[in-house]
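Participant: If you read the protein sequences in the order shown, they are chains A and B.
Every letter in the first sequence is one number past the one before it in my numbering, and letter 216, counting from 1, is 223.
Every letter in the second sequence is one number past the one before it in my numbering, and letter 95, counting from 1, is 97.
The beta carbon of each residue, even a glycine, is placed where N, CA and C say it ideally should be.
I'd like to ask some things about the structure below.
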Amino acid sequence: MLRNKGIAFKLIFYILVSALIIFILIFGYNYIVVRQVISRKIEESAKNLAQATTSRIDIVLRSVEKAPENLACFIENSSYSKEELINSLRSVVENNPEIYGGTIAFEPYAFNSESIYFAPYFYKSNGEIKFTYLGSETYRYFYWDWYQIPRELERPMWSEPYYDVGGGNIIMATYSVPFYKTVDGERRLTGIVTADISLLWLQKMVSSIKISQTGYGFLISKNGTVVTHPTEKLIMNETIFSVAEARGDAKLREIGREMIKGMSGFVPFNSIVTGKKCWMVYGPVFSSGWSLGVLFPQDELLADITRLNRMVFSLVIAGILFLSFIIASIASNITRPLRTLAKKSEEIGSGNLDVEIPSVKSRDEVGQLTESFVYMKQSLKQYIKELTETTAAKERIESELKIAHDIQMSIVPKIFPPFPERSEFDIYATLEPAREVGGDFYDFFFIDDEHLCFVIGDVSGKGVPASLFMAVTKTLIKTIASKNMSPNEILKRANVELCHDNDSCMFVTIFLGILNTKTGEVLYTNGGHNPPLIVHKGKGGDFLEMEQGTAIGAFEDIIFKTERLVLQSGDYIFMYTDGVTEAVNKTEELFSEERLKRDINVLLEKSVKELVLNIVEKIKDFSQGVPQADDITMMVIKYKRKFKS
Amino acid sequence: MRKVILTPYLFLISFFCFIAISISAKEEPLKKATFIPQWAPQAQFVGYYVAYEKGIYKKHGVDLTIIPGGPEASPSELLNSHQADFATLWLSSGIQMRDAGIGLVNIAQILQRSALMLVAKKTSGIETLQDINGRKVGLWGLIFQIQPKALFKKYDIHVKIISQSYSVNLFLRDGVDVASAMWYNEYHTILNAGINPEELTTFFFYEYGLNFPEDGIYTLQETYEKDPELCCAFAKASIEGWQYAFVHPEEALDVVMKYMEEAHIPANRIHQKWMLERMKDLILPEDTSIAMGRLLFDDYERVAQGLKENKLIDEIPGFETFYKRCDNHAKE
């Protein structure tokens, strides 16, 4: 998938992914550590705050506790009149601004045997101290919590906070201290001294706790009853446990249980007010068994790191965008010329060598590549130019050679039978140059009415020089050969002519004969040529035994010898050049004289044309497609005596 | 578009409606009646408030006025002085009052099971009934003491009785080892003071053969004799109100919360929810073939015997005179 994408994409992809991974690791580590550090700090300060607050509450409560405790102590340890008792109580209520009211409540008939109830009560109302007696059929104080619980437990204690009966919305709490009297040596609980306080200050103190924007403090009583809370509906209506039940929050119930047991803690908690994630610190108010909880909204306290993180994150995003931009531009700097090069090379590939390759100024790899491209283009162009020229030259030469070939072919007689009016002999010849033009030649012409001069030759070398030399030789011989000249003379004169100015030292093997068409006598001279085959009618052929002679054209003063033979009617003379016998096949085997002789002997009954063509065919079969290395030339003359009728 | 001229039809329709309403109104004029529950508004009485709010009383032909209950209002006194036509009372109270000469009759026994229970903390070492022996037990007033005393007598348990007030704080502070509680009220208060159910040992009186079913609907015999249709209409509508509340608990809670707020009573919805659920458990008869609101003779006998044994009554009033069965009353 990625493999098919461009370099730019890959670069951006890999670098950005790596950069992102590195960033996320660093960022994550940083975030966790900072968060831990801050959380620890928050926990520390939260605990301090909770402790400080509960201590302040404790100090107030403890100072309130002193008054009824001292009063109880006074009652226990001294004898007093009713007035003294009431005055002491009055001064306690009067002298303690925190104390809203107080009573000294006696057990039934404990103050005197006449009245079941005795409970003088001083309380503040509109800045005045008021007095009443508690206890009636409708208010049997013995069974009220403030009396009954310390009485049963026989120890001083704070009541659950309660709404003041008839007194607005003020939450009160009562501290009750039992007092005793020793009667008949037995220490007997005689009554309860109380001090009522308004918890307004406490509500104010706790509600003044503001942590960040939404953090708050709350106080629950020993029963878990909500005493202060920003949500007013909860106050005195709900306990932390009923809130937990309503929220289906088992964790809150557990926290509440810890709180009312007087434990301290720091726990994650979702705010009841905002639903936000918070930390909650809680700690006990030791004197009353109440518990303070303070909520620290996590997101607000961590707002700074959140802001920092957001900033860092934005910077990273910006950085990554910048990085992408840089990479993209680098990549495009690299890939643009590459793409151009790719496109240009495609054009070059399709043959347009004139495309403009944009110059690259940089000396980097791309610059080098571009330069190489330019160089390659120029070389190619040069090469192709040269090639075009060469091809043109070659074509010209080829066409010239073609013409030369045609000319050469036209030099040697090509029309068979050449002399249709002469029935004394049949003649057939073929010449297959190995290249366009060759050095072989044959010729036949009448010197006079009776004598047919025939010649076959093979110029040393091949190609154009050989063909030119062949043309010269042939023309020369035809020019020289005249009446009453013997073959050796012809050759001798031709040799002399050829030797003149033969700087190239070419030579030609030649076999020349003159046939007396009347008698069948053949005078012949061999200038270093392959001996022809003489085939006597009905007897088969054999190579002519004769002087080997020397090839003409090389040395001027060569003596040639004319020899003689007589052909009977039906005899052949088969002349050839070494291209025939030296034709090779794939195994580099030569066609050979033997094979030629054998093949000819099979074809005795054929006409001259058929004989030649058959031999050509056989050579082709033999060579098995191996290209012809030398010109192949054959000429056959069959003598047919002409009988005078 | 085809325009329909509605005016004549509207006129006709309103005319017939008017006729229909006047006929039905004429046929069954609403009868005025007053009712007082035996305590301040809470889910213990949600059936009556729902029946009122949903117009069920009106449907049954009763134009009801609910007199707010509470510590200052005594239902028996209001009944006796004709200030209230109907009131809810405990069965034991009802029998006591009948015995004391107040001519009232039960027209529906709403609670089938006693919700009174004893509860103890396991930390105080109380796991079985016998563990109560020698402990401090918080008991409410006389009427609430019949069942516990019968229980202690039955199982030969001797305890120190402490008068228990309305709060459970004495128990929570360990001033008593065992506390009285109503299952639908104080028990939940204890749970919501942070004590888990598994930390408590509970003793339900009905499990010990002391089922004293509590709330029932009462009226004066003379009121009943004068207009039994009205009395039974009230009883039936009340039961229907309860049925509606059980099917639509949230709506019922909305109603009860409204009444509590109007009465300036601390309203704790989750507590009321618990109360409603427990009322459902206590009201629906275990034997589903029995209609809601039946007073069974066995229950009556048990409660009356308990009262007599405790000398709270002299004679057991005749069941037939005490209970006027409304669920098979002919008039619908």
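Check residue 233 of chain B in the structure and name its three-state DSSP category.
Facilitator: Residue 233 of chain B: helix per DSSP, three-state reduction.
Participant: Based on Cα-Cα distance, which residue from A/56, A/535, A/198 lies nearest to residue 124 of chain A?
Facilitator: Nearest option by C-alpha distance: A/198.
Participant: Hey, quick one: how far does the alpha helix (DSSP H) through residue 61 of chain A stretch, first residue to last?
Facilitator: Run containing residue 61 of chain A: 14 to 84, per the alpha helix (DSSP H) assignment.
Participant: Could you spell out the range, first to last residue, of the alpha helix (DSSP H) harbouring residue 276 of chain B?
Facilitator: Residue 276 of chain B -> alpha helix (DSSP H) spans 271 to 285.
Participant: Would you check if there are 3 or more beta carbon pairs closer than 8 angstroms linking the region 116 to 134 of chain B to the region 197 to 206 of chain B?
Facilitator: Judged by Cβ distances under 8 angstroms, the region 116 to 134 of chain B makes contact with the region 197 to 206 of chain B, as three or more pairs qualify.
Participant: So, using beta-carbon positions, are residue 570 of chain A and residue 531 of chain A closer together than 7 angstroms?
Facilitator: Yes. Within cutoff.
Participant: Just verifying my parser: in three-state terms, what is the DSSP assignment at residue 89 of chain B?
Facilitator: Correct three-state label for residue 89 of chain B: strand.
Participant: Going straight from the alpha carbon of residue 148 of chain B to that of residue 125 of chain B, what length do you get?
Facilitator: So the alpha carbons of these two residues sit roughly 27 angstroms apart.
Participant: Is it buried or exposed for residue 103 of chain B, if we count other Cβ within 10 angstroms and need 16 for buried?
Facilitator: Per the 10 Å Cβ criterion, exposed.
Participant: So is residue 93 of chain B buried or exposed if we call it buried at 16+ other beta carbons inside 10 Å?
Facilitator: Residue 93 of chain B comes out buried.
Participant: Would you call the CB atoms of residue 75 of chain A and residue 202 of chain A closer than 7 angstroms?
Facilitator: Yes, the pair counts as a contact, with Cβ atoms nearer than the cut-off.
Participant: Any C-beta of chain A sitting closer than 7 angstroms to the C-beta of residue 39 of chain B?
Facilitator: Judged by the 7 angstroms Cβ criterion, residue 39 of chain B is not in contact with chain A.
Participant: Do you know how far the Cα of residue 465 of chain A is from the Cα of residue 403 of chain A?
Facilitator: Taking the straight line joining both Cα atoms gives about 27 angstroms.
Participant: Pairing CB atoms from the region 49 to 61 of chain A with CB atoms from the region 318 to 338 of chain A, are three or more of them under 8 angstroms?
Facilitator: Judged by Cβ distances under 8 angstroms, the region 49 to 61 of chain A makes no contact with the region 318 to 338 of chain A, as fewer than three pairs qualify.
Participant: Do you know how far the Cα of residue 231 of chain B is from the Cα of residue 28 of chain B?
Facilitator: Legend: pLDDT at residue 28 of chain B = 45, less than 50; position of this residue unreliable, value from coordinates given subsequently. In a straight line, the C-alpha of residue 28 of chain B is about 17 angstroms away from that of residue 231 of chain B.
Participant: List, from N- to C-terminal side, the alpha helix (DSSP H) runs of 4 residues or more that fit wholly inside the region 352 to 380 of chain A.
Facilitator: Fully enclosed alpha helix (DSSP H) runs of 4 or longer: not present.
Participant: The beta strand (DSSP E) that contains residue 214 of chain B, what's its start and end?
Facilitator: That residue, residue 214 of chain B, is in no beta strand (DSSP E); it is neither H nor E in DSSP.
Participant: Can you tell me which residues form a DSSP beta bridge with residue 119 of chain B?
Facilitator: Per DSSP, B/183, B/206.
Participant: Quick check: is the beta carbon of residue 263 of chain A nearer than 7 angstroms to any beta carbon in chain B?
Facilitator: It does; some Cβ of chain B falls within 7 angstroms.
Participant: Which residues mark the beginning and the end of the alpha helix (DSSP H) in which residue 96 of chain A is found?
Facilitator: Here the alpha helix (DSSP H) through residue 96 of chain A covers 89 to 102.
Participant: Can you tell me which of the three DSSP states residue 251 of chain A falls into?
Facilitator: Helix at residue 251 of chain A.
Participant: Please list, in chain order, the residues of the region 155 to 188 of chain B that have any C-beta partner in chain A closer than 8 angstroms.
Facilitator: For the region 155 to 188 of chain B, which is checked against every Cβ of chain A, the residues closer than 8 angstroms are 164, 165, 166, 167, 169, 171, 172, 174, 175, 176, 177, 178.
Participant: For residue 518 of chain A and residue 600 of chain A, which I take to be in contact (beta-carbon distance under 8 angstroms), what is that distance rounded to the nearest angstrom?
Facilitator: The pair is not a contact, with the Cβ atoms about 15 angstroms apart (cut-off 8 angstroms).
Participant: Could you say if the region 56 to 67 of chain B and the region 236 to 246 of chain B meet the contact criterion of at least three C-beta pairs nearer than 8 angstroms?
Facilitator: Counting Cβ pairs under 8 angstroms, three or more are found: they touch.
Participant: On the DSSP bridge assignment, give the partners of residue 465 of chain A in chain order.
Facilitator: Paired residue(s): A/447, A/516.
Participant: Quick test of the definition: if touching needs 3 or more C-beta pairs under 8 angstroms, does the region 298 to 308 of chain A touch the region 53 to 64 of chain A?
Facilitator: Counting Cβ pairs under 8 angstroms, three or more are found: they touch.
Participant: Strictly under 7 angstroms for the Cβ-Cβ distance: is residue 27 of chain B near chain A by that measure?
Facilitator: With a pLDDT of only 45 at residue 27 of chain B, under the threshold of 50, the placement of this residue in the model should not be trusted; the figure read from the coordinates follows. Chain A, which has no Cβ nearer than 7 angstroms to the Cβ of residue 27 of chain B, makes this no.
Participant: Using three-state DSSP, classify residue 528 of chain A as helix, strand or coil.
Facilitator: If DSSP states are grouped into helix, strand and coil, residue 528 of chain A belongs with the strands.
Participant: Can you confirm whether residue 192 of chain B, when its beta carbon is compared against all beta carbons of chain A, has any partner nearer than 7 angstroms?
Facilitator: It does not; no Cβ of chain A falls within 7 angstroms.
Participant: What separation, rounded to the nearest whole angstrom, lies between the Cα atoms of residue 207 of chain B and residue 121 of chain B?
Facilitator: In a straight line, the C-alpha of residue 207 of chain B is about 11 angstroms away from that of residue 121 of chain B.
Participant: Since residue 248 of chain B and residue 282 of chain B should fall inside the 8 angstroms C-beta cutoff, what is the C-beta to C-beta distance between them, to a whole number of angstroms?
Facilitator: Contact flag correct, Cβ pair sits at about 5 angstroms.
Participant: Can you tell me whether DSSP reads residue 48 of chain B as helix, strand or coil?
Facilitator: It is helical.
Participant: For residue 177 of chain B, count the other beta carbons within 10 Å of its own beta carbon; 16 or more makes it buried, fewer makes it exposed. Which is it?
Facilitator: Buried, by the Cβ-count rule.
Participant: Compute the distance between the beta-carbons of residue 536 of chain A and residue 516 of chain A, then report whether it is under 7 angstroms.
Facilitator: Contact flag set, yes.
Participant: Using only CA atoms, which one of A/396, A/233, A/542, A/521 lies nearest to residue 168 of chain A?
Facilitator: Out of A/396, A/233, A/542, A/521, A/233 has the C-alpha closest to the C-alpha of residue 168 of chain A.
Participant: Please state if the CB of residue 324 of chain B and the CB of residue 108 of chain B are separated by a distance shorter than 7 angstroms.
Facilitator: Yes. Within cutoff.
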